[in-house]
Ligand SMILES: *Cc1c(COP(=O)(O)O)cnc(C)c1O
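In the working numbering, the protein residues as written are 345 to 685.
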């Protein structure tokens, strides 16, 4: 099977497994695990933040960021299609008593002008606006990079108004490789940044949340509250460290593969690419109802040995990653041409 459902399906490579087997470990809840400390230090350094903390998932890093930035009865601004709002069970409401105010973007990207008037004035009737969250790259936006000038403008405005800023950078490494800008530059406008090692980087588990020393100390306390304290976590942290050392630059290959898929779709009669091009590793396309629903097409792809994800009633997502090679992508392109007319 050619599995393009997600870049989370990657299996650890032999080199990564070897690094995991040899990792020195401790108890990261009682005091420290040396490999986790290495990963946290390295991630903080790459992102240009004072500190970072390792957690089991990107959902947890995002939700703990919200929890630390805000108190119950406060509001954060985020894009309508973002992961925090759509794919985390509204945990910000369930776990932290927060309200989300959503701003519609184009493939996840919005402008400062859309939210300039959105800070609520102090009033007994209203929640307090506290935080702005952005997503880079944008998952439902087909892997679109949030342009750095726009991030900067939004974050500068937010800080001047006394708001905090958080970046859901689950796929920030893809943005780095696609733009050639450093992780540091892409992270600089934000008070906190979350990154995933379990996506395109190919590690089996884990995310880091980075920010100031003070922010990360609060996040560590909150991680225990949310059940995310892990003991000999060095075993999985070693997989993430290996990924940082060996599997960032190769994301360029995934981006080329996604462009090939996009090219096949641009020539199709019944499938319509979301956007005019693909910047990173996520391809989303609409299925014309005349050839069925997204689920119908996903089923037909499966028969051809290809796994994709129905993303809505009429749209399908494919994500390229390190376990799918060039010849397999070419087979997918041929199949798309066959099914899409
Ligand atoms: C995958 C993802 C996350 C975190 O997901 P987990 O499965 O909890 O690790 C957060 N944000 C975005 C944009 C994602 O794609």
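Backbone N, C-alpha and C fix where the C-beta goes; we use that ideal spot for every residue, glycine too.
Beta-carbon gap between residue i and residue j smaller than 8 Å
| i | j | result |
| --- | --- | --- |
| residue 473 | residue 394 | no |
| residue 346 | residue 627 | no |
| residue 559 | residue 412 | yes |
| residue 689 | residue 538 | With the chain covering 345 to 685 only, the question about residue 689 has no answer from this structure. |
| residue 619 | residue 451 | yes |
| residue 580 | residue 629 | no |
| residue 631 | residue 350 | no |
| residue 377 | residue 371 | yes |
| residue 583 | residue 396 | no |
| residue 507 | residue 476 | yes |
| residue 638 | residue 621 | no |
| residue 593 | residue 369 | no |
| residue 587 | residue 541 | yes |
CA-to-CA distance, residue j to residue i, given in whole angstroms
| i | j | result |
| --- | --- | --- |
| residue 447 | residue 379 | 40 Å |
| residue 392 | residue 684 | 45 Å |
| residue 573 | residue 409 | 16 Å |
| residue 443 | residue 435 | 10 Å |
| residue 518 | residue 665 | 11 Å |
| residue 493 | residue 536 | 18 Å |
| residue 642 | residue 670 | 21 Å |
| residue 398 | residue 595 | 22 Å |
| residue 640 | residue 609 | 17 Å |
| residue 501 | residue 672 | 46 Å |
| residue 471 | residue 600 | 45 Å |
| residue 557 | residue 510 | 15 Å |
| residue 504 | residue 366 | 47 Å |
| residue 516 | residue 481 | 6 Å |
| residue 417 | residue 567 | 21 Å |
Minimum C-alpha distance to residue i - residue among the options
| i | options | result |
| --- | --- | --- |
| residue 455 | 467, 495, 579 | 495 |
| residue 552 | 383, 377, 348 | 383 |
| residue 457 | 499, 413, 370 | 499 |
| residue 360 | 440, 590, 670 | 590 |
| residue 449 | 655, 432, 421 | 421 |
| residue 388 | 348, 531, 611 | 531 |
| residue 555 | 520, 512, 578, 524 | 512 |
| residue 602 | 624, 612, 465 | 624 |
| residue 563 | 497, 463, 540, 414 | 414 |
| residue 401 | 431, 390, 416, 644 | 431 |
| residue 525 | 674, 348, 390, 375 | 390 |
| residue 460 | 490, 497, 467, 440 | 497 |
* Could you tell me whether the segment 354-362 touches the segment 540-556, where touching means 3 or more Cβ pairs closer than 8 Å? => Yes, they touch.
* Any chance the segment 407-427 sits against the segment 478-488, with 3 or more Cβ pairs inside 8 Å? -> Touching, per the Cβ criterion.
* Just list the beta strand (DSSP E) runs in the segment 512-581, keeping only unbroken ones of 3 residues or longer that don't cross its boundaries, in chain order. => 536-540, 551-555, all fully within the segment 512-581.
* Note down, one range per segment and in chain order, each alpha helix (DSSP H) of at least 4 residues found wholly within the segment 400-473. => Complete alpha helix (DSSP H) runs here, min 4: 402-413, 427-430, 435-440.
* Asked: Are the segment 634-651 and the segment 671-683 touching by the rule of at least three beta carbon pairs closer than 8 Å?
  -> With a cut-off of 8 Å, the segment 671-683 and the segment 634-651 count as touching, because enough Cβ pairs lie within range.
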